[in-house]
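Counting from 1, one number per residue, gives the positions in the sequence shown under the UniProt record's numbering. Beta carbons: idealized from backbone N, C-alpha and C, even for Gly. Notes to accompany the following structure.
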Amino acid sequence: MKFEQATIFGFGKWVDDTIDFSNQQVTYIYGENESGKSTLHTFILFMLFGLPPKQREFYRPKTSGKMGGRLTVVDKGVRFTIERFHEVRNGAAVCYTADGNEEEEQWLKERLKGMNYAIYQSIFSFSANDLATITTMKEDDLGDVILGIGMTGSTNLYTVEKQLDSKIGELYKPYGKKPAINQQLSNLQQMQERLDKWKKSEGSYRNKKLEAQQIEKELQALRIDLEQETAKRIKLEKKHHAWPIIQEYQAVMERLQHLPEVLAFPESGRERLEKQKELLLPLKSENAVSHENIRRLSETIHSLEERKVNEVIIQEAKDLLADKASYEAYQQENNRLQVALQKQQLHIEKTLENLNISLNEEDLQNTHLSFHTEKHWKHIKNDLDKLDLEKEQLDIERNQLNKQRTILWNQIDTGRENLYPERTIDEWQHQLISVKHSEMLQQINHVQNQRSKDWQYKKLMKERKAKYIVLAAISAALICLLVAITIERNLFLVIAMFVLMTGVGQWFWQKKSIAEIDHMLHSEKPQPSNNVTEKECLELESKLEQQQQLKNEIRSLQEQLKTTEISLLQWEEKQFQHMERYQRIENQMKEQHEQYPFLQEINPTYWPEFFHELKNSIRMSKQLQEYRDRITENQEALEKMSDRISMFLSKVNRDGKGKPIKQQYDWIMHIVEENDETIKQLDFNQQLLQETMENQYNLNEKMKTYEQEMAKLFTIAEVNSEEDFYKKAKIVDEKRTLTNSRAKLESQLSALFKATTWQHYTQEDMDADSLRMELEQTKERISNLEEALEKGRQTLADRNAMITSIEMSEEYSDSIHLIEQDKEKLNQLVKKWAVMKTAKELLLRTKRSYRDKYLSEIIEETSLFFAELTGNRYQKVYPPSQDVPFKVERNDGTRFTIKELSQGTIDQLYVSLRLAISSSMSERHALPFMIDDAFVHFDSIRTQRIINILNRIAKQQQVLVFTCKKEMVEASENKSYIHL
């Protein structure tokens with residue numbers, strides 16, 4: 001079985017990830033601590049075997065709602081995908097095969113051949129945490145592991161053993177109480193004790209019967225006395241409980257007798273009078289306040305009328321204030337224009353100074369630039385730049401062409417000097433042709449010689465073959481002849497003649513063909529004639545090649561020379577055109593100098609930049625004049641507005657001469673605001689006076705209504721004053737309260753007694769102390785009677801129990817029968833326990849047998865792995881026996897227990913043991929082998945050794961190594977690994 005790919009939808013820290021295990025060698029899964037290696041390890045086991053619900057809940061991711069994934073597996077050429085989800089089918093697996101079928105978890109268990117989570121962990125998976133277990137591993141522990149190897153997939157011996165231990169414990173434990181046999185023994189002991197007691201209690205039945213009857217009579221008398229005393233106690237308790245109510249009832253009746261029976265008074269008179277007074281009191285107070293407010297408001301209105309200013313003057317003041325914003329705007333604009341004027345003058349002066357030409361502000365105002373001037377100056381500048389650039393390029397091009405022509409002439413002369421005469425070159429070519437012809441003849445002769453040698457061997461074989469054919473034909477002819485003579489049949493004579501002729505004809509044909517081939521091979525061969533050595537031949541070829549190359553170079557140089565001459569003629573034409581363009585531009589520059597004389601001081605290259613500066617300066621000069629004109633206009637408007645303000649102030653008796661214009665405006669503003677405030681207050685007070693007078697009228701009307709209602713109440717109560725009304729109201733309230741109390745008390749007494757009884761109690765004189773004393777005496781008698789009754793009942797119950805026990809004497813025989821039944825049940829349980837104990841012994845014997853069968857093989861394999869990991873320092877491993885742990889034997893024969901070894905060597909021994917167990921198991925279950933950080937204590941040498949072993953194992957079984965050691969990954973042959 002091999003893992004190909006794991007798709008994790010959600011498991012611990014892994015969410016929506018895919019891991020590829022398709023590497024053919026050992027698959028290294030590398031990651032730092034807390035990178036999720038162990039979680040990935042657990043995910044693979046979850047996919048194969050599942051997990052309990054609590055463990056699945058533990059691995060639920062924090063950032064995803066899904067918990068589960070898929071694992072693609074190849075088993076014996078069959079590819080299928082295992083899918084598990086925590087929420088689906090309670091974590092059960094679904095397998096999807098390559099042909100589209102969908103299988104249940106039982107199908108997966110069959111593919112795993114009985115392998116489960118625990119067995120897989122003990123055989124095919126281990127981690128650094130398991131390394132310490134070898135130091136405490138005993139004989140039985142190793143036996144359990146080996147038993148798992150031998151029995152996986154056939155019967156689950158671990159489950160059977162646990163079931164046997166559980167059932168044996170349920171039947172019997174030496175010091176237990178709950179097991180069935182222990183309980184049965186305890187029941188037998190208790191029943192025997194009861195049987196012994198029954199034997200002693202068969203004596204005084206008659207006496208106990210008489211005593212029981214007498215006790216019953218005494219109890220009946222006590223019950224009658226108790227009922228009588230109880231009824232008396234209840235009556236006294238009720239009377240004692242009602243005593244305060246009766247006293248209160250008597251007092252109420254006495255007070256009611258002193259009040260008149262009929263009283264004239266309005267319904268809820270006191271409340272109605274209080275309500276009218278409450279409503280009338282604020283109205284009286286408000287009426288007094290209204291009188292005062294009317295007087296005060298009248299005086300205020302008269303004062304405000306005297307302070308009010310003429311409307312014409314106020315309107316003129318408002319007109320002046322409306323112009324205040326314009327006045328301030330003129331002032332601000334003048335200030336701003338003055339600042340801008342100064343800045344503009346400085347800017348113009350600085351610009352002209354930077355230009356360094358004979359221009360002033362007046363010249364700027366007289367200078368006019370047309371819309372196409374800038375374009376014309378740019379065109380002149382660009383044309384000059386282009387001409388200068390063309391001149392430089394023409395000079396460079398002329399120098400390059402002259403230099404190139406000189407170089408080409410020199411190269412042509414040099415090449416001609418190195419050329420040989422044509423006659424000499426022809427002689428060299430003729431010699432080379434002769435050499436080539438001689439070489440071809442030599443090759444032909446060599447091939448013919450090789451063929452001749454091959455023919456000699458083939459000739460010998462053909463002669464032998466012809467000889468054998470003739471002999472075979474003669475033999476066959478003789479045989480046919482003998483058969484013909486024997487059976488006297490002419491047909492065999494004909495066959496004999498045909499076979500003989502065929503064999504002889506074949507022999508002659510072979511001889512002829514061999515002769516023809518000999519003649520052809522031994523005909524005269526042309527002999528090569530070569531007087532030139534191989535070295536001379538190579539020199540000739542080199543010289544001819546050099547001469548041909550020189551000719552080609554000379555022809556190429558001559559072509560280049562022609563091209564250069566043409567280029568020189570073209571350059572002269574370009575030079576003439578350049579001079580003509582330069583003359584035209586000089587004429588344009590003269591025209592501009594005449595129109596703008598100051599341009600003579602500036603290089604034409606800077607004319608476009610100068611245009612912008614000049615245009616900007618002209619614009620600023622015009623703007624400067626505009627500033628001056630606007631300042632003059634604003635100053636005239638300010639003077640007119642100042643004259644109007646002075647005339648107004650003189651009308652209101654204010655002298656504004658010499659005062660700041662702001663202070664004059666403040667005076668005007670104050671006059672307007674003060675008058676507006678006076679008008680506002682006047683309107684407000686007049687409106688308030690009107691409202692107050694209306695309110696006073698309404699108050700008077702309301703007060704009349706309330707006063708009339710109060711007079712009606714006095715009439716009904718038959719009184720003339722408020723004081724008499726309250727006195728009568730007090731008497732009415734008292735009588736109502738007493739009447740209600742009487743009704744309440746009568747209701748309480750009726751609930752406790754009958755009507756005649758409680759009325760009788762209210763008429764008689766009672767003493768509370770004597771009533772309480774009588775009640776206590778009654779309670780004491782009841783207590784004594786109850787105590788005597790309880791003692792009698794207990795005595796009677798004891799007697800009846802004894803009598804009943806004696807009357808049911810048949811229980812004795814029943815007890816004997818039950819004891820016999822329990823003994824038989826005990827025998828059955830003991831037999832069952834013996835059977836299970838025997839089965840447990842047989843199971844232990846089977847485990848020892850499997851251990852002995854596989855132990856030697858596993859220990860031998862462990863020794864081989866251990867020797868390789870330790871560099872053959874140790875040659876033998878001995879398994880644990882009884883209380884003795886693992887032992888190892890060094891090359892010199894010295895033996896060490898596992899506790900005497902270093903931590904690294906202990907780890908190597910445990911790894912060797914696990915590798916041996918997995919190797920033994922892989923013969924039946926080729927499941928992937930997973931190792932989780934088990935080599936943390938290995939140095940570089942040990943790491944390389946274990947890598948070699950894992951590579952060897954990986955040829956037969958897939959190996960997954962989870963590690964946090966980068967050096968282990970780097971030391972492996974397979975450089976591809978999974979980085980988490």
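Given a threshold of 16 other Cβ atoms within 10 Å of its Cβ, counted over all protein chains shown, does I566 qualify as buried or as exposed? exposed
Using 8 angstroms for Cβ pairs, my map puts E774 next to L226. What's the rounded Cβ distance? Going by Cβ atoms, the distance from E774 to L226 rounds to 18 angstroms, so no, they are not a contact pair.
Using CA atoms only, rank isn't needed, just tell me which of L256, V94, K177 is closest to E103. V94
Taking contact to mean at least 3 C-beta pairs separated by less than 8 angstroms, is the region 275-284 in contact with the region 704-720? yes
Going by CA-CA distance only, name the one from K712, I668, N187, L869 that's closest to K318. Of the listed residues, the one whose Cα sits closest to K318 is I668.
Have a look at E353, N399, L460 and flag the residue whose alpha-carbon is nearest the alpha-carbon of S513. L460
For G77, which three-state DSSP category applies? coil
Assuming the contact rule is C-beta atoms closer than 8 angstroms, I949 and F865 should be a hit. Round their C-beta distance to whole Å, please. 7 angstroms
Is the beta carbon of I215 sitting closer than 7 angstroms to the one on G792? yes
K239, DSSP secondary structure in three states: helix
Helix, strand or coil at Y28 [DSSP, three-state]: Looking at Y28 - three-state DSSP - the assignment turns out to be strand.
State the start and end residues of the unbroken alpha helix (DSSP H) segment that holds Y120. 117-123
Please determine if the region 415-431 and the region 459-473 are in contact, where contact requires at least 3 C-beta pairs separated by less than 8 angstroms. no
How about E613: is its C-beta nearer than 7 angstroms to some C-beta of chain C? The structure shown contains no chain C; it is built from a single protein chain.
Shortest alpha-carbon distance to A92 belongs to which of Q106, N101, F80, R79? Q106
For F11 and G50, I'd like the C-alpha separation in whole angstroms. 13 angstroms
Helix, strand or coil at I412 [DSSP, three-state]: In this structure, I412 counts as helix in the three-state DSSP scheme.
Should the region 548-565 be called in touch with the region 408-425, which here means at least 3 C-beta pairs below 8 angstroms? yes
For residue 997, does the three-state DSSP call read helix, strand or coil? Within the shown structure, residues of the chain are numbered from 1 to 980, placing residue 997 beyond reach of any answer.
If you drop the 5 nearest sequence neighbours on each side, which residues of the same chain put their C-beta closer than 8 angstroms to that of L478? Excluding positions up to five away in sequence, the list reads A496.
Only counting the same chain, and skipping five residues up and downstream in sequence, which positions put a Cβ closer than 7 angstroms to that of N293? T692
Starting from G114 and walking both ways along the alpha helix (DSSP H), at which residues does that stretch end? Counting along the chain, G114 falls outside any alpha helix (DSSP H), and DSSP gives it neither H nor E.
Less than 7 angstroms between the beta carbons of W607 and R398, yes or no? Result no, Cβ atoms of W607 and R398 do not sit closer than 7 angstroms.
Measure the alpha-carbon distance for E967 versus K876 and round it to whole angstroms. 30 angstroms
Any 3 or more C-beta pairs closer than 8 angstroms across the region 743-752 and the region 319-327: no
Helix, strand or coil, according to DSSP, for L346 in the structure here? helix
Taking the alpha-carbon positions, what's the M579 to H379 distance? 18 angstroms
I149 by DSSP, collapsed to three states: which one? Residue confidence is low: I149 scores 45 on pLDDT, short of 50, so the model does not pin down where it sits. No coordinate-derived value is stated.
Buried or exposed: which applies to H86, given that a residue is buried once 16 or more other Cβ atoms fall within 10 Å of its Cβ? buried
Taking its Cβ as the centre, do 16 or more other Cβ atoms sit within 10 Å of E970, making it buried, or is it exposed? exposed
Mind reading off the beta-carbon distance from H41 to M930? Whole number of angstroms is fine, and I expect it under 8 angstroms. The C-beta distance from H41 to M930 rounds to 6 angstroms, short enough to fall under 8 angstroms.
Extract the residue ranges of the beta strand (DSSP E) inside the region 286-350, only unbroken runs of 3 or more that lie entirely within it. none
Anyone know if the C-beta pair for L752 and K232 falls short of 7 angstroms? no
Apply the 10 Å Cβ neighbour rule to F3 and answer buried if 16 or more other Cβ atoms are within range, or exposed otherwise. By the 10 Å Cβ count, F3 comes out buried.
Nearest-angstrom Cα separation, counted from I978 out to K62: 24 angstroms
Could you pull the start and end residues of the beta strand (DSSP E) that F929 belongs to? Its beta strand (DSSP E) spans residues 929-932.
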